[in-house]
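Using this note's numbering, the letters of the sequence shown correspond one by one to residues -9 to 343.
Here a beta-carbon is modelled for each residue, glycine too, at the ideal position from N, C-alpha and C.
First comes the structure, then the notes that go with it.
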Amino acid sequence: MASPRFTAPDGMPKKNEVDDFYELVAEADLQPLWVQKGIMPNEPPLAAVPFAWKWKTLRELAERSGELIPIDRGGDRRVLSLSNPGLAGQPYATQTLWGAVQYLGPGEVAPAHRHTPAALRFVLEGSGVWTLVNGDPVPMAPGDLVLTPSWSWHEHHNPGNTPMFWFDALDLPLARSLDAVFFENGPDQMANRAVDPISGSELKYGTSPGLVPFDEMDQGAHSPLFAYRWKDTDRTLSRLVDISGNGTASLKFVDPTRGIDVMPTMRCSMHRVSAGAKTQKYRRNGSSVWVTFRGSAVATIAEERFHLDEGDMFAVPSWCSLSIEATSEADFFCTSDAPVFEALGLARVEFLN
Ligand code: 1HN
């Protein structure tokens, strides 16, 4: 028989009672709130750090991976992920975003698969590559944004004789933390085929600004337009810079049927900063990953300065301020988790000087 529990007589310290209580709480797999430290910090305690990856290194190592590492089933993709030094060796650029450089050599095919984490590509170098998104062949060229939304089949083909390099972003860390990841291999590679200069999604949804097919049933979770072309992005940025009068312009890529973000977990935007111009300093919660598409600049992230040249990528963790000053006219692609924060009522933005 268990021995009886004694309580301290009146007037004696009750310390043992408290110790006993903590023991019982622990045995019951419970934890008192009042002993927790840092569970409700005043501001997000950050692990990820502001960081930049140089294109020279990314390109060299991606190219070398092309010489050494085949792509086939199992590997599926030849990708070097941006691993934020604050994230303890995880292959993530920020707390919520995967960022990477992907290399597809001449004649190579990255086989079909689909996964619930949403993905996007921003093309940096090469030509002649196309990616098949849910059966729709989408040609890829530098400056283009190509979407492979959650659970869409995708495979990449390079029938040409030059390699292609692109930036990949996925909401993988977020999907992982939500226990929302599913993955499936596709049917083995389809034969190479002739590909139209634009995808079916562009024919249907990208023909004229502000005009989309009227379909009461359009209720998808993501943009039905899979490609946003550099010539359109470039023209729009030029006009917006002329209008802004301060040498900077920003645009957002949207679902043409609803005017909302292209995918529910990732906002995509493009930013132009003229030589000598500087963007307004701001910070928001949630994180972003940036790609320098053209030009050179200095980005100041949470008071740390990073010199950027063409192709350089950088991570802006939650609540870190950012401003960019261009040394030559510079264009940046950016993807962020902002739609998630907005949908959840958690978004905060602060403009600083
Ligand atoms: C993926 O499927 C691709 O399809 C790229 O190109 C990067 C990173 C993690 C998991 C899946 C692609 C990826 C990925």
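Item	Value
Under 8 angstroms by Cβ, that's how I've got L48 and R68 pegged, so tell me the actual separation to the nearest angstrom.	Not a contact, Cβ separation roughly 13 angstroms.
For G196, which residues from the same chain have a beta carbon less than 6 angstroms from its beta carbon, with the 5 sequence-adjacent residues on both sides left out?	L215
So E174 is in the beta strand (DSSP E); what residue range does that whole segment cover?	173 to 175
Would you please state the rounded distance, in angstroms, between the beta carbons of L312 and R273? I believe it to be under 8 angstroms.	7 angstroms
Is L135 closer than 8 angstroms to F112 when the C-beta atoms are compared?	yes
Do you know whose CA, among C324, A305, V244, lies nearest G200's CA?	V244
For F304, which option in E332, P177, C324 has the closest C-alpha, if you only look at C-alpha atoms?	C324
DSSP three-state call for I314: helix, strand or coil?	strand
So for L241, helix, strand or coil by DSSP?	strand
Consult DSSP for W43 and reduce its assignment to one of helix, strand or coil.	strand
Is any heavy atom in the ligand 1HN found nearer than 7 angstroms to the beta carbon of L230?	no
Under a three-way DSSP split, which group does K27 fall into?	coil
Check whether the segment 240 to 260 touches the segment 288 to 302, taking contact to mean three or more Cβ pairs, one atom from each stretch, closer than 8 angstroms.	no
Here's the rule I'm using: 16 or more other beta-carbon atoms within 10 Å means buried, otherwise exposed. How should N343 be labelled?	exposed
Compare the beta carbon distance of P254 and T84 with 8 angstroms and say whether it is the shorter of the two.	no
Helix, strand or coil for K221? Go by DSSP, reduced to three states.	helix
Could you tell me the alpha carbon to alpha carbon distance between A52 and V25, rounded to whole angstroms?	48 angstroms
Can you look up G190 in the DSSP assignment and give me helix, strand or coil?	helix
Measuring from the CB of A83, is there a heavy atom of the ligand 1HN at a distance below 7 angstroms?	no
Mind checking L23: buried by the 16 CB within 10 Å criterion, or exposed?	exposed
Between the beta-carbon of I233 and the beta-carbon of T269, is there less than 8 angstroms?	no
Using beta carbons (cut-off 8 angstroms, strictly below), is D321 in contact with chain B?	Looking at the structure shown, chain B is missing, and only one protein chain is on hand.
Should the segment 115 to 130 be regarded as contacting the segment 138 to 155, the criterion being three or more beta carbon pairs within less than 8 angstroms?	yes
Out of K5, E57, V91, which one is the CA nearest neighbour of E115?	V91
For the beta strand (DSSP E) containing A305, list its first residue and its last residue.	303 to 306
Answer with buried or exposed for M207, where buried requires no fewer than 16 other C-beta atoms within 10 angstroms of its C-beta.	exposed
Could you compute how far the alpha carbon of N148 sits from the alpha carbon of Q21?	55 angstroms
Any chance you could list the beta strand (DSSP E) runs of at least 3 consecutive residues sitting entirely within the segment 120 to 179, in chain order?	126 to 130, 135 to 138, 144 to 147, 154 to 160, 173 to 175
Quick one: residues in its chain with C-beta nearer than 8 angstroms to the C-beta of R284, no 5 flanking neighbours on either side, listed in chain order?	E300, E319, A320, D321
Given a threshold of 16 other Cβ atoms within 10 Å of its Cβ, counted over all protein chains shown, does V15 qualify as buried or as exposed?	exposed
What are the start and end residues of the alpha helix (DSSP H) that includes P254?	Unbroken run through P254: none, as it is neither H nor E.
Rounded to whole angstroms, what is the Cα-Cα separation between M130 and S117?	7 angstroms
What number of angstroms, rounded off, separates the C-alpha of G276 from the C-alpha of P81?	18 angstroms
Look at the Cβ atom of I101, then the Cβ atom of D158, and state whether they are nearer than 8 angstroms.	At residue 101 the sequence reads Pro, which differs from the Ile that was named. Contact flag unset, no.
CA-CA distance, A38 and R229?	36 angstroms
Where does F283 sit, in a helix, a strand or coil, going by DSSP?	strand
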